[in-house]
Amino acid sequence: MAAIIIATVIIIAVIFLRKALRQAREIGLAENVIKKTVRVSGIFSIVPSIPIAIGLAAMVPLLGVALPWIRLSVIGSVQYELFAADAAASVTGAVSAAGALGPAAFNTAAWIMTLSIMSGPIFCIFFLRKYENGLDKLKKKDKKWADLLVTAIFMGLVGTIGGQQIAKGGIFLATLCVSAVIMAACGLLVRKGKVRWLEGFALPISMIGSLAVAFVLATS
């Protein structure tokens, strides 16, 4: 099942690539420009995939290979999927001796991931245009307030997820603090040091750094 779904995603990507190449040639783009664009896009697509690969590796002990692979290659995100799996494990408490979720927790996690993520596409289909129009009107009236509102929503999400790690303490808190410090340092280098290329690498660097610290603390 996982192979069929992932193959479908790959086929769709290939179809869109072929259509894009055809359209580029129709509008008169030079062949060297097309090749350079494809090459650069391919390289920069690898970097954002690093956190996804790390997230997949983190989810495998809990959920196996198939479900995380399907989720992360179609519609899920690393942060959301890990949060859903952890929530299912916390609620059911059904974790095997090997650290994997038991049948009840696995089913709960799968349903949480599937039903919760459906809210995004459903919202976009029926309400996204109204939401964007409302946000545009708010920006025209008071741009600072609109930016503050979006930032507050995002920080609420960060606070909800991060607060749980703070409450757990120990390695969880240390990992959170290290990742925050690394991300802040990358942000300063991008804004103050004008190291623009680092912007696309900030997330994987912070994840790898925090995982390294967590590994050292867990094995020491």
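At the far end of the sequence shown sits residue 220, using the UniProt record's numbering, and the numbering has no gaps.
Here a beta-carbon is modelled for each residue, glycine too, at the ideal position from N, C-alpha and C.
With a 10 Å radius around the Cβ and a threshold of 16 neighbouring Cβ atoms, Ala-212 comes out exposed. Secondary structure note for Glu-132: its alpha helix (DSSP H) is the uninterrupted segment 119-141.
Take Arg-71, set aside five residues on each side of it, and the residues of its chain with a beta-carbon closer than 7 Å to its own are Glu-81, Met-113, in chain order. Here Ile-182 is buried, its C-beta having at least 16 other C-beta atoms within 10 Å.
Under the three-state reduction of DSSP output, Ala-30 falls in the coil class, being neither helix nor strand. Excluding the 5 residues flanking it on each side, Ala-174 has same chain C-beta neighbours closer than 8 Å at Val-213, Ala-214, Leu-217, in chain order. Ser-210: member of the alpha helix (DSSP H) spanning 202-219, first to last residue.
Take the alpha-carbon of Ile-153 and the one of Pro-61: they are about 32 Å apart. When rounded, the separation of the alpha-carbon atoms in Ala-30 and Ser-49 is 29 Å. Approximately 7 Å separates the beta-carbon atoms of Cys-186 and Ser-206; this is inside 8 Å, confirming the contact. Nearest to Leu-189 by alpha-carbon distance, out of Ile-46, Pro-103, Ala-202, is Ala-202. Val-78 counts as buried, since no fewer than 16 other beta carbons sit within 10 angstroms of its beta carbon. Spatial neighbours of Ala-24 in its own chain (CB-CB distance under 7 Å, excluding positions within 5 residues in sequence) are listed in chain order as Ile-34.
For Val-65, there is no enclosing alpha helix (DSSP H), as DSSP marks it with neither H nor E.
The alpha-carbon separation between Ala-3 and Thr-37 amounts to approximately 29 Å.
In this structure, Ala-66 sits away from Ala-88, with a CB-CB distance that is not shorter than 8 Å. Between Pro-51 and Met-59, the C-beta spacing is not below 8 Å. C-alpha of Glu-199 to C-alpha of Ile-122: approximately 31 Å in a straight line. Ser-77 carries a coil assignment under DSSP once its states are collapsed to helix, strand and coil.
Between Ser-179 and Ser-210, the C-beta spacing is below 8 Å. Residue range 170-191 is occupied by the alpha helix (DSSP H) that includes Leu-188.
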